[in-house]
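In what follows, a single structure is set out as structure tokens and then discussed.
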Amino acid sequence: MVSVQNLTMHFTGEDLFTGISFLIREKDRIGLVGKNGAGKTTLLRLICGLELPHKGDVIVPEETSIGYLPQEKELISNKTVLEEALSAFEEIQHIEQQIEKVNHELSVRTDYESVSYHDLIERLTLLNERLALLGINSMEGDAEQILVGLGFEHADMTRIMSEFSNGWQMRVELAKILLKRPSLLILDEPTNHLDIEAIQWLEGYLQNYYGSVLMVSHDRAFLDNITKRTIEISQGKIYDYKGSYSEYVDMREERIESQTAAYNNQQREIKDIERFVERFRYKSTKSKQVQSRVKLLEKMDQIVVDDMDASSIQFRFPKAPHSGKITLEIKNLSKAYGQLKVLQDIDLLVVRNDRIAFVGRNGEGKSTMAKILAGLLDYTGDVRLGHQVNIGYYAQNQHDMLDSEKTVFETLDEVAVGDVRTRLKAILGSFLFGGDSTDKKVKVLSGGEKARLSLAKMLLFPSNLLILDEPTNHLDMQSKDILKNALLRYDGTLIIVSHDRDFLQGLTNKVIEFKKPCIKEYIGDIYDFLQARDIRKLEELETKNNVSNSFTDKTEMSVNKQNYERKKILDKDLRKISKEIEAIENEIEKSEELLVGFDKILANPSDFPAVKIDEHWLKNYASQKKHISKLMEDWELKQFEREELQKSNDGFQ
1 MVSVQNLTMH FTGEDLFTGI SFLIREKDRI GLVGKNGAGK TTLLRLICGL
51 ELPHKGDVIV PEETSIGYLP QEKELISNKT VLEEALSAFE EIQHIEQQIE
101 KVNHELSVRT DYESVSYHDL IERLTLLNER LALLGINSME GDAEQILVGL
151 GFEHADMTRI MSEFSNGWQM RVELAKILLK RPSLLILDEP TNHLDIEAIQ
201 WLEGYLQNYY GSVLMVSHDR AFLDNITKRT IEISQGKIYD YKGSYSEYVD
251 MREERIESQT AAYNNQQREI KDIERFVERF RYKSTKSKQV QSRVKLLEKM
301 DQIVVDDMDA SSIQFRFPKA PHSGKITLEI KNLSKAYGQL KVLQDIDLLV
351 VRNDRIAFVG RNGEGKSTMA KILAGLLDYT GDVRLGHQVN IGYYAQNQHD
401 MLDSEKTVFE TLDEVAVGDV RTRLKAILGS FLFGGDSTDK KVKVLSGGEK
451 ARLSLAKMLL FPSNLLILDE PTNHLDMQSK DILKNALLRY DGTLIIVSHD
501 RDFLQGLTNK VIEFKKPCIK EYIGDIYDFL QARDIRKLEE LETKNNVSNS
551 FTDKTEMSVN KQNYERKKIL DKDLRKISKE IEAIENEIEK SEELLVGFDK
601 ILANPSDFPA VKIDEHWLKN YASQKKHISK LMEDWELKQF EREELQKSND
651 GFQ
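Take the sequence shown: its position 187, counting from 1, is numbered 187 in our numbering, and each next residue is one higher.
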């Protein structure tokens, strides 16, 4: 349907991708993945014709229509929500004009047997089919149905667009694209402005969509539920996998292992060639062989392992200070903005080590409650913190609260106290702020960098109650996984606001659903909540059997699931560190064998007349000893880390 052929794009002299080719077929469901900056959004814009490639072609057949939803868009409209959505049907007017024109031409022509006459008939048929597909007879009903699916109330239909936030206006933009029913839907982070209910509705819609879908998303569950093919951009190339995101991850790991083996073989070959060249460079009898090997090195295509340069944040939350059994007690809490009641007569008890997810549609009071608990908003009622409870708070717009004129280092240095001041560089390094990047001003940082800096700032204050409002915004898949692992190991009380189901899975043992102005509590993690809510919605007869388990049984089931998730993470970490230890041991063995050779030469130089013991040779000898010493230090550190992980893992046996 759409063909991408030998596409090359470069910025500031460097290729973003080079000579990439692939085909988007009818009914394809494709997830486009890659690191931040790999070129995903650029590729989408090239396919849409919004940018031109430096080389190559994007071939889109005339009958193929494309609908594109960018991550962000400046939206200015004085129409109502429904009127704005109905503007998607402007294409219908254009098609009707074309049909009228074709009908007129057919009526005045008499060459009924000619090829051009039959072409006109075929064009008329296609136009009428397109008109029927767009739903000319059900425009308003279709528009309302999609808007409601994306979270709008029927009362919102007559409200002016400017009354809504940019996030809600982007939902209308998405509705317009869906109403146009293009042959190819291209969506760049479509879940950014959606809550769980709207995400689930969109999943169902896209699963049954008649055309093709190509999308970028950092929501793993969303990708897994829709895509059946994954295209990865890495190191300027693309890799095409037949499978969902989770299947792609497994296949990519196999590819990296194969790539690593090929890389290691090539490196050994290069070293052998270099040794030969170095040894016989000045021997005239070997000059032809030397030149041949030099040319071989020059022509050799260097194998690059895709994740060798992978970098990701690495951190753990500080140990939670001891606190009383009751962490937080809320009684008769209410909050209103003018006549709008957001929260009313809320009662909630949070005990030590509770792990709670706040969920619900946007605007139902989740972030308001988080801000109240963090002491940032006034309210009526009682909010009592337990004995020695220290709160760590991460706001949804946390990165906007940073001082844009301060440097990365100054941002942490101004709030750090005590011994932690001596570790600021190390903390920043674990969040990918190394070298000169610590001197960057906050105002030049990307959204992801600001999010990482805000997380780093949280580590400076040990807390036993973490309140996190959409902490995964601007984080890529890898960083989200690392944050989740850190939260699984966190030994305090956790309250988290998020719409990311994969991120929440196994992370919490309670779910609080916000439905303005009330809340409803569920025992279990996010998927327990979704199942319970679906059962309630369907009013199935067996509801009582499904939800009448005792509080103790359900809590135990949820804790077991949470412990299972934690143990799974620890097992994975143990396997990884064991492999790293084995690799270090193999390297130590090889290095010691080389050192034995050095020692033999040094002990009896006369037995090795071809070896010249000069300054260069002695430098290599000293370097080899230093290398072994460093390997031993790394080995001891990894052994200590493995012992600590094993202790934690034994706690779940």
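Glycine included, each C-beta is placed from N, C-alpha and C at the ideal position.
From the DSSP output, read off the bridge partner residues of residue i.
| i | result |
| --- | --- |
| GLU521 | ILE512 |
| GLU14 | PHE11 |
| GLY67 | LEU185 |
| SER234 | LYS237 |
| ARG255 | For ARG255, which the question treats as bridged, DSSP gives no partner whatsoever. |
| GLN478 | Answer is none; GLN478 lacks a bridge partner. |
| SER212 | LEU184 |
| ARG229 | ILE30 |
| VAL357 | The identity of residue 357 in the sequence shown is Ala, whereas the question assumes Val. ALA357 is bridged to ILE496, VAL511. |
| GLN639 | In the DSSP output, where bridge partners are listed per residue, GLN639 has none listed. |
Within its chain, find whatever has a CB closer than 7 angstroms to the CB of residue i; leave out the 5 residues flanking it on each side and keep chain order.
| i | result |
| --- | --- |
| LEU594 | GLN624 |
| ILE160 | ASN78, THR80 |
| LYS242 | ARG229 |
| GLN505 | ASP525, ILE526, TYR527 |
Mind checking residue i: buried by the 16 CB within 10 Å criterion, or exposed?
| i | result |
| --- | --- |
| PHE608 | exposed |
| PRO471 | buried |
| PRO61 | exposed |
| ASN485 | buried |
| ASP553 | Its pLDDT being 48, under 50, ASP553 is placed unreliably in this model, and the value from its coordinates should be taken loosely. Burial call: exposed. |
| ILE584 | buried |
| GLN646 | exposed |
| VAL304 | exposed |
| HIS711 | Nothing can be reported for residue 711: it is not among the residues displayed for the chain, which extend from 1 to 653. |
| PHE11 | exposed |
| PHE222 | buried |
| VAL290 | buried |
| PRO190 | buried |
| GLU84 | buried |
| TYR654 | Limits of the chain in this structure are 1 at one end and 653 at the other, which puts residue 654 out of reach. |
| VAL417 | exposed |
| THR380 | exposed |
| LEU296 | exposed |
| ILE59 | exposed |
| LYS692 | Outside the shown range of the chain (1 to 653) lies residue 692, about which nothing can therefore be said. |
Can you tell me the Cβ-Cβ gap for residue i and residue j, rounded? I've got them flagged as a contact below 8 angstroms.
| i | j | result |
| --- | --- | --- |
| ALA432 | ARG452 | The sequence as given places Leu at residue 432; Ala does not occur at that position. Rounded, the Cβ-Cβ distance is 6 angstroms, consistent with contact. |
| SER183 | THR18 | Not really, about 28 angstroms apart at Cβ, beyond 8 angstroms. |
| LEU82 | MET157 | 4 angstroms |
| GLY677 | LEU328 | The question about residue 677 has no answer, for the chain in this structure spans 1 to 653. |
| ARG220 | ASP502 | 4 angstroms |
| SER334 | LEU340 | Wrong, their Cβ atoms sit about 12 angstroms apart, outside the cutoff. |
| LEU412 | ALA456 | 6 angstroms |
| LEU131 | ILE95 | 5 angstroms |
| THR508 | ARG355 | 4 angstroms |
| ILE99 | LEU127 | 5 angstroms |
| ASP382 | ILE326 | Actually they are not in contact, since the Cβ atoms of ASP382 and ILE326 sit about 13 angstroms apart, beyond 8 angstroms. |
| THR227 | ILE30 | 6 angstroms |
Just to confirm my understanding: we take residue i, look at its own chain, exclude 5 residues before and 5 after, and list those with CB closer than 6 angstroms. What are they?
| i | result |
| --- | --- |
| LEU7 | ILE20, PRO53, GLY56 |
| TYR68 | CYS48, ILE186 |
| GLU556 | Its pLDDT being 48, under 50, GLU556 is placed unreliably by the model, and the measurement read from it follows with that caveat. Within the same chain, GLU556 has no close Cβ partners at all. |
| ASP528 | none |
| GLY375 | none |
Give me, in chain order, the residues of the same chain whose beta-carbon lies closer than 8 angstroms to that of residue i; leave out the 5 immediate sequence neighbours on both sides.
| i | result |
| --- | --- |
| LYS73 | MET170, GLU173 |
| ASP439 | THR407, VAL408, PHE409 |
| LYS443 | SER404, GLU405 |
| ILE577 | LYS638, GLU641, ARG642, LEU645 |
| GLN5 | SER21, GLY56, ASP57, VAL58, ILE59 |
| VAL102 | LEU120, ARG123, LEU124, LEU127 |
Tell me whether residue i counts as near the ligand MN, meaning its Cβ is closer than 7 angstroms to at least one heavy atom of that ligand.
| i | result |
| --- | --- |
| GLU615 | What this structure holds is no ligand at all, so the ligand MN is not there to describe. |
Beta-carbon of residue i versus every beta-carbon of chain D: anything under 8 angstroms?
| i | result |
| --- | --- |
| ILE270 | The structure shown has no chain D; it contains just one protein chain. |
- Using 8 angstroms as the Cβ pair cut-off and three pairs as the minimum, do the stretch 510-520 and the stretch 346-357 touch? yes
- Query: Can at least three beta-carbon pairs, one atom from the stretch 213-231 and one from the stretch 24-43, be found at a separation below 8 angstroms?
  - Reply: yes
- Evaluate the contact criterion for the stretch 378-395 versus the stretch 459-476: three or more CB pairs, one atom per stretch, below 8 angstroms. Verdict: yes, contact present.
- Can you find at least 3 beta carbon pairs, one from the stretch 82-100 and one from the stretch 173-190, that sit closer than 8 angstroms? yes
- Message: Below 8 angstroms, how does it come out for the stretch 368-381 and the stretch 407-424: are there three or more Cβ pairs, yes or no?
- Response: no
- Message: Does the stretch 184-203 come into contact with the stretch 97-111, if we say contact requires no fewer than three beta-carbon pairs (one atom in each stretch) closer than 8 angstroms?
- Response: no
- Between the stretch 290-307 and the stretch 266-280, do three or more beta carbon pairs fall short of 8 angstroms? yes
- Item | Inter-stretch contact at 8 angstroms, needing at least 3 Cβ pairs: the stretch 142-150 / the stretch 112-132 | no
- Task: Spell out a yes or no on whether the stretch 208-221 and the stretch 32-40 are touching, meaning 3 or more CB-CB pairs, one atom from each, closer than 8 angstroms.
- Result: yes
- Between the stretch 357-364 and the stretch 497-506, do three or more beta carbon pairs fall short of 8 angstroms? Touching, per the Cβ criterion.
- Do the stretch 629-639 and the stretch 599-608 touch if we need at least three Cβ pairs shorter than 8 angstroms? The stretch 629-639 is not in contact with the stretch 599-608.
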